[in-house]
Structures are given as structure tokens and as C-alpha cells.
Amino acid sequence: MSRLDQLNDWLAQVLQGKSHHLTTASADASFRRYFRVHLADGTTLIAMDAPPPQEDCAPFVKVAALFQEAGLNVPNILAQDLEHGFLLLSDLGTQTFLDVLNEDNADALFRDAIDALVTWQLASKPGVLPVYDEALLRRELALFPDWYIARHLNIELNDTQRNVLENAFSTIVRYNLAQPSVYVHRDYMPRNLMVSTPSPGILDFQDAVYGPISYDVASLFKDAFISWKEERVLDGVIRYWEKARKAGLPVAADFGDFYRDFEWMGLQRHLKVLGIFARINYRDGKPKYLADTPRFMNYVRAVCVRYGELKPLLRLLDELEKRESQFGYTF
């Protein structure tokens with residue numbers, strides 16, 4: 001029996017025989033799939049198909065409860081079968097922030113996103129979520145040489161190049177771990193925020209951890225699927241920092257220090273995502289994500305140009321991509 005047949009049989013049970021049909025709601029970069037469940041009275045729900053052993057629904061259920069306890073808008077879990085990887089959820093709508101974002105509404109939408117993020121971070125408690133520790137940060141960074149360099153660029157690094165990368169990774173992780181820790185959504189970006197009341201509806205939070213405070217801010221303003229001018233990014237990060245300080249969150253007292261944290265955290269994420277997008281293409285046969293790799297390489301290069309400690313990494317990227325060396329201001 002196919003996964004779809006199993007899902008339909010399960011839905012028939014939990015919906016007590018009510019007539020329904022499914023349409024695709026969204027496909028995930030992982031093995032998860034989401035279907036919109038259409039009932040005869042016009043009501044719609046969302047069914048998650050997260051096939052074991054590749055996926056586990058339990059973290060989604062746990063983190064959803066944390067968001068709801070914080071008073072934030074996430075799907076209600078109406079029925080669950082964790083053993084077989086099925087969840088039935090309330091439907092937060094069809095429009096993501098990414099669908100509607102433009103220059104006219106960006107300030108209002110980002111304001112809602114920042115308010116929700118501050119609320120989420122204020123709910124943080126140690127010992128509840130997995131820790132975003134050195135081992136996890138390094139595992140993620142390893143995706144860059146393993147999948148982007150070795151598989152996508154088809155380049156085998158020599159010893160000197162590997163040392164440059166290792167030194168860069170050690171510096172990045174050191175800066176990341178020096179930040180205070182809070183709850184981290186881990187993919188807090190416009191694609192996972194829904195136009196909803198209250199705003200925003202928040203999705204795709206199952207990988208949440210307890211880690212660096214700037215991570216979700218970097219996800220929000222250095223997005224995988226849309227780029228903003230540096231002025232808007234700077235303005236958005238300042239707005240977050242001001243609200244976070246006023247709320248008593250442990251952000252750096254000096255904005256310049258916080259922006260440095262934001263950039264170094266973003267660098268870790270961007271190197272990781274370059275590896276993930278390559279892996280999704282070569283391992284999972286989903287090529288569309290590779291189209292966004294230039295955006296992430298631009299993010300990486302922009303940070304490397306600004307910090308003297310990252311000059312060797314920038315030179316390595318130039319070697320790998322056969323580009324002329326760049327020069328810029330450093331801090």
C-alpha cells in the first residue's frame with residue numbers, strides 16, 4: 001500500500017468517514033509532504049506525511065506546544081499517529097509572507113515577524129530543546145565541503161585548502177558559541193511565515209533548538225529565496241535589536257557587536273545551506289534549490305570581505321570559483 005493510500009485510510013478514520021479529497025499543499029526540502037484536506041462543507045485542514053524512519057513527527061508536536069504556550073500562531077494538532085508519521089493540522093491559509101512581500105508591505109510584515117520572534121525568544125528555557133552545540137554547528141558546516149565543494153564543484157581540496165577551511169570553521173563556531181542562547185526556530189524566514197490572523201502564522205518549526213540568539217534574525221533578513229538591499233537588512237536588524245533590548249533579551253548592549261554576531265551566525269547558516277542545497281539535488285533529486293546557491297555565495301562573500309579573519313576563506317572561495325581576489329573594508 002502506498003503512503004498516500006495509508007494517509008487516506010487514516011484520514012477516513014480520524015474524520016469519522018466524512019467525505020474528503022486531497023490536494024498538494026507544499027513539498028518540503030526533506031521527506032515530509034503536506035496535503036490540503038478538503039471537506040464537503042468547504043472546511044480545509046492540513047495533513048502531514050512524514051515517513052518513518054526518515055522523519056519523526058514527535059519534535060513537531062513538542063515544539064508546536066511550546067509556540068502555543070508562548071501565545072503564538074501555529075497549527076493546532078487535531079489528530080496524530082506518530083508511529084506511522086501522520087498528523088492532521090488546522091490550516092493557516094495559502095499565502096506565505098514570501099508570496100506577498102514587496103517594498104510597500106515589507107515593513108509591516110517584518111514588524112509582525114520581529115514581534116513574534118521576540119515573544120518566542122522570551123519563552124526560552126534551557127533543557128527543553130536540543131542544544132545548538134559545537135558538534136551540531138560543525139556537522140552542519142561539514143555539508144559545505146562534503147556536498148558543495150566535493151560533489152557540486154567536483155573539487156578535491158588539498159591539505160592547505162583543508163586547513164584554511166578548518167581554521168575558518170573554528171573561528172565561525174567560536175563566535176557563534178559566544179552568543180547567549182534562546183529558542184531557535186532554525187528556519188525563520190518568509191517562506192515559513194503565513195499571512196494569517198494573528199500574524200504571522202508560523203510553520204516548519206520541528207527542527208527548533210536552544211542556541212545563538214542571532215540565528216533566527218539572520219534567517220529572516222538573509223533569506224534563502226529573496227534578497228534585500230543592505231539598507232533594509234540593517235534597518236530590520238536594528239528594529240529587532242531595539243525591541244529585544246527593551247524586552248530584556250540578552251542581546252549585545254552595543255548594536256555594532258550584535259550586528260557582528262548576526263553576520264558570523266549568518267555565515268555559518270549560509271555555508272550550511274550551500275551544502276544542503278547541493279545534497280538535495282544530488283542525493284534527493286530535487287534540483288530547484290540549486291538555483292538559489294548564487295544568493296548564498298553572495299551572502300558568504302559579503303561577510304568575508306568585511307572581516308580580516310575571513311580573508312583566507314575569501315581567497316579559497318576565489319580559488320574554487322576561479323575568480324579574481326576581492327578587496328574590501330575589514331573590521
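Per full-length UniProt numbering, numbering of the sequence shown is gapless, rising by one per residue and ending at 331. C-beta: ideal position from N, C-alpha, C; glycine also. Only a predicted model underlies this, so the values are computations on that prediction, with no experimental measurement involved.
Own chain partners of residue i with C-beta closer than 6 Å, once the 5 adjacent residues on each side are dropped
| i | result |
| --- | --- |
| F31 | P51, Q54, E55 |
| K203 | The amino acid at residue 203 is misidentified as Lys; the sequence shows Leu. N192, listed in sequence order. |
| D261 | Q179, S214 |
| A168 | L313 |
| A106 | none |
| L201 | Residue identity differs from the one stated: residue 201 is Gly in this sequence, not Leu. N73, L92, M194, listed in sequence order. |
| F327 | With a pLDDT of only 49 at F327, under 50, the local geometry of the prediction cannot be trusted, and no value is derived from it. |
| S26 | Y34 |
| P130 | V209 |
| V303 | E263, L267 |
| H270 | F296, Y299, V300 |
| K311 | none |
Expected contact under 8 Å - CB spacing of residue i and residue j to nearest Å
| i | j | result |
| --- | --- | --- |
| L137 | N176 | 6 Å |
| S227 | R295 | 6 Å |
| Y215 | V237 | Y215 to V237, Cβ: 13 Å. No contact. |
| L141 | K272 | 6 Å |
| R36 | L22 | 7 Å |
| S196 | G42 | The pair is not a contact, with the Cβ atoms about 18 Å apart (cut-off 8 Å). |
| L249 | V182 | 7 Å |
| A247 | L101 | About 25 Å separates the two Cβ atoms, so there is no contact after all. |
| D9 | R33 | Not really, about 16 Å apart at Cβ, beyond 8 Å. |
N- and C-terminal bounds of the alpha helix (DSSP H) containing residue i
| i | result |
| --- | --- |
| H270 | 255-282 |
| L78 | Not the alpha helix (DSSP H): L78 falls in the beta strand (DSSP E), residues 77-81. |
| W241 | 230-247 |
| R306 | 293-306 |
| R323 | Looking at the DSSP string, R323 is not in any alpha helix (DSSP H), and its letter there is neither H nor E. |
| E140 | 134-141 |
Neighbourhood of residue i by C-beta distance below 8 Å, restricted to the same chain and skipping five residues each side
| i | result |
| --- | --- |
| F258 | S214, V237, W241, V251, A252 |
| R323 | L317 |
| residue 374 | The question about residue 374 has no answer, for the chain in this structure spans 1 to 331. |
Residues near residue i by beta carbon distance below 7 Å, same chain, minus five either side
| i | result |
| --- | --- |
| W264 | I172, Y175, N176 |
| V63 | F205, Q206, A208 |
| F277 | Y289, L290, D292, T293 |
| F221 | W228, V233, G236, V237 |
| Q6 | H84 |
| L320 | I149, L153, I155 |
| E309 | T171 |
| R279 | L143, W147 |
| A70 | T119, W120, A123 |
| E134 | V173, L177 |
| I114 | R239, Y240, K243 |
| T24 | F35 |
| R3 | D49, P51 |
Chain B within 8 Å of residue i, Cβ atoms only
| i | result |
| --- | --- |
| Q68 | Looking for chain B here will not work: only one protein chain is present. |
Proximity below 8 Å, CB of residue i to CB of residue j
| i | j | result |
| --- | --- | --- |
| residue 364 | S19 | The structure shown does not extend to residue 364, since the chain is modelled only from 1 to 331, so the question has no answer here. |
| M189 | A244 | no |
| N76 | L66 | no |
| Y148 | G275 | yes |
| L314 | L165 | no |
| F60 | L87 | yes |
| residue 411 | V74 | With the chain covering only 1 through 331, there is no way to say anything about residue 411. |
| T119 | L72 | yes |
| P126 | Y210 | yes |
| Y299 | G266 | yes |
| A58 | L78 | no |
| D99 | S199 | no |
List in chain order: all unbroken beta strand (DSSP E) runs of 3+ residues lying wholly within the region 151-221.
181-184, 209-212
Scan the region 83-125 and note each continuous beta strand (DSSP E) run of 3 residues or more that stays entirely inside, going in chain order.
86-90
Quick one: which unbroken beta strand (DSSP E) runs of 3-plus residues sit fully inside the region 7-64? Chain order, please.
20-27, 33-39, 44-49
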